[in-house]
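Novice: Numbering (this note's numbering), first residue to last: 7 to 375.
Glycine included, every Cβ here is placed at the ideal spot set by N, Cα and C.
Keep in mind that this is a model prediction, so the values were computed, not measured.
Quick one: structure below, then a few questions.
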Ligand SMILES: Cc1cc2nc3c(=O)[nH]c(=O)nc-3n(C[C@H](O)[C@H](O)[C@H](O)COP(=O)(O)OP(=O)(O)OC[C@H]3O[C@@H](n4cnc5c(N)ncnc54)[C@H](O)[C@@H]3O)c2cc1C
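See the structure below:
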């Protein structure tokens, strides 16, 4: 079996051999074959699976990879902060089935990071020594099911879900219009604003494990909190899709609500500069932005990174010259000053991964993309 993805350009079979299981063992064994059990023929989702039933493992037929694999992928291109290092390897799947097949071949010990629109993420300057999987533009199915639930794959942009729901006369997802990430990122972060939270509208999710097996999960399978979501059992799964339960609402009213929400954001957030939204969680009963402003930190610079003059809980990268180290150092300065002044510990909301610059991920000769 040739393990090279069909669209593999610019790198050799060596890379594929490095991270993929390329023996002739075949996908059928690796995907779905371990837990056995025939796929249930069900309505509404890929391969006929459906949400909210008992967890199921879906058996899949062997398929050739159709996505694109690259090396030394600059992550500054893929995160809204426009800063940071490279991913040693990156996979751009063609669709959900292709991603499942890719995971089925990936070495079990390969560090793995799913990335949506990178609006809550920073990769340190030394890079991420593993494989980044990009969901946006690949896991892109969005549809209204017969039973009224919305099925949205993990790579669909959250604002698109908000507009889709409004256009189908459904309310409750309007808040997603202001969150510039994907459904997968919103689930992982339990993203929310203006009184709405992602898991407040989730009826069920579809997850992918390290072996590419799809599994239906109910909200009760997760521990969910403020900007946090974790599986109760310690299995290694990522989000492939979600079913959202919304209420009937006049479409015009829902669209007006979205418009108001976006106007408020334009007025209060530095949206014209590279940023990653709120850097810190709001402490109970207070606002991180209030504390940062009261500590006199608005406008503070470290290297190319600055505490926004417009919204103190945002760090911006005005000239797109900041390193990840600048941003991280500024985060630490803000935390230290707020701790000193008010005895409050600001907890980071943004996710930071990878290695510091000294420990740069090696880029093999001739494999730079
Ligand atoms: C201008 C601006 C405004 C924002 N406003 C808000 C707001 O009001 N409320 C709010 O909550 N957030 C806000 N954010 C933060 C961010 O948009 C959200 O957290 C968003 O949900 C992240 O989605 P993403 O696809 O960009 O995730 P990424 O940044 O790509 O990833 C974030 C984390 O989620 C994980 N992840 C991504 N996809 C998956 C997946 N399929 N399965 C498992 N894990 C996954 C990643 O590994 C990473 O740990 C804002 C950001 C910006 C830039």
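Can you pull the DSSP bridge partners for residue 243?
Specialist: Paired residue(s): 215.
Novice: Could you round the C-beta distance between residue 141 and residue 122 to whole angstroms and report it? I think they count as a contact, below 8 Å.
Specialist: Right, their Cβ atoms sit about 5 Å apart.
Novice: So, with DSSP's three-state summary, where would you put residue 358?
Specialist: Reduced to three states, the DSSP call for residue 358 is strand.
Novice: Quick check: the region 290-300 against the region 346-361, are there 3 or more CB pairs under 8 Å?
Specialist: Verdict: yes, contact present.
Novice: Ligand 1 and residue 199: does the residue's C-beta get closer than 7 Å to at least one heavy atom of that ligand?
Specialist: Yes.
Novice: Using a threshold of 8 Å, state whether the C-beta atoms of residue 289 and residue 317 are closer than that.
Specialist: Cβ distance not < 8 Å, so residue 289 and residue 317 don't count as in contact.
Novice: Under 6 Å Cβ to Cβ from residue 308, same chain only, skipping five residues before and after it: list those, please.
Specialist: Counting only Cβ-Cβ distances below 6 Å, and skipping sequence neighbours, we find 332, 335, 336.
Novice: My assumption, with CB atoms under 8 Å, is that residue 169 sits in contact with residue 264. Please give the rounded CB distance.
Specialist: That belief holds up - the Cβ atoms of residue 169 and residue 264 are roughly 7 Å apart, short of 8 Å.
Novice: By a C-beta neighbour count over all protein chains shown, 10 Å radius and 16 as the cutoff for buried, is residue 95 buried or exposed?
Specialist: Buried is the call here.
Novice: Provide the residue(s) that pair with residue 199 in DSSP beta bridges, ordered along the chain.
Specialist: Looking at the DSSP assignment, residue 199 forms a beta bridge with 202.
Novice: By the DSSP assignment, the alpha helix (DSSP H) with residue 139 in it spans what residues?
Specialist: From DSSP, residue 139 is part of no alpha helix (DSSP H) but of the beta strand (DSSP E) over 134-140.
Novice: Going by the C-beta, is residue 81 closer than 7 Å to any heavy atom of ligand 1?
Specialist: No - ligand 1 has no heavy atom lying nearer than 7 Å to the Cβ of residue 81.
Novice: What do you get for residue 254, buried or exposed, if any count of 16 or more other CB atoms within 10 angstroms of its CB means buried?
Specialist: Residue 254 is exposed by the Cβ-count criterion.
Novice: Between the C-alpha atoms of residue 40 and residue 109, what's the straight-line distance to the nearest angstrom?
Specialist: Below a pLDDT of 50, predicted positions are generally treated as unreliable, and residue 40, at 28, falls in that range; no measurement from the model is reported.
Novice: Given 7 Å as the limit, tell me if residue 284 has its C-beta closer than that to any heavy atom belonging to ligand 1.
Specialist: True, at least one ligand heavy atom lies under 7 Å from that Cβ.
Novice: State the DSSP-derived secondary structure class of residue 364, mapped to helix, strand or coil.
Specialist: Three-state DSSP puts residue 364 in a helix.
Novice: Considering only residues of the same chain and omitting the five flanking positions on each side of residue 241, which have a CB-CB separation below 8 Å?
Specialist: For residue 241, where only same-chain residues beyond five positions count, the Cβ hits under 8 Å are 215.
Novice: By Cβ distance below 7 Å, which residues in the same chain neighbour residue 315 in space, the five residues on each side in sequence not counted?
Specialist: Excluding sequence neighbours, residue 315 sits near 304, 305.
Novice: Drop a sphere of 10 angstroms on the beta-carbon of residue 342, count the other beta-carbons inside from all chains shown, and report buried for 16 or more, exposed for fewer.
Specialist: Answer is exposed; the Cβ neighbour count stays below 16.
Novice: From residue 235 to residue 262, what does the alpha carbon distance come to, in whole angstroms?
Specialist: One C-alpha to the other measures close to 30 Å.
Novice: Ligand 1 and residue 216: does the residue's C-beta get closer than 7 Å to at least one heavy atom of that ligand?
Specialist: Every heavy atom of ligand 1 is 7 Å or more from the Cβ of residue 216, so no.
Novice: State buried or exposed for residue 38, treating a residue as buried only when at least 16 other CB atoms are found within 10 Å of its CB.
Specialist: Below a pLDDT of 50, predicted positions are generally treated as unreliable, and residue 38, at 27, falls in that range; the measurement from the model is reported next regardless. That one is buried.
Novice: Tell me where the alpha helix (DSSP H) around residue 290 begins and ends.
Specialist: Here residue 290 belongs to no alpha helix (DSSP H), and DSSP marks it neither H nor E.
Novice: Pick out whichever of 125, 194, 258, 179 has its Cα sitting closest to the Cα of residue 321.
Specialist: The option with the nearest alpha carbon to residue 321 is 125.
Novice: How many Å lie between residue 128 and residue 85 at the Cα?
Specialist: Spanning the two alpha carbons is a distance of roughly 7 Å.
Novice: Within 10 angstroms of its Cβ, does residue 274 collect 16 or more other Cβ (buried), or is it exposed?
Specialist: So residue 274 ends up on the exposed side.
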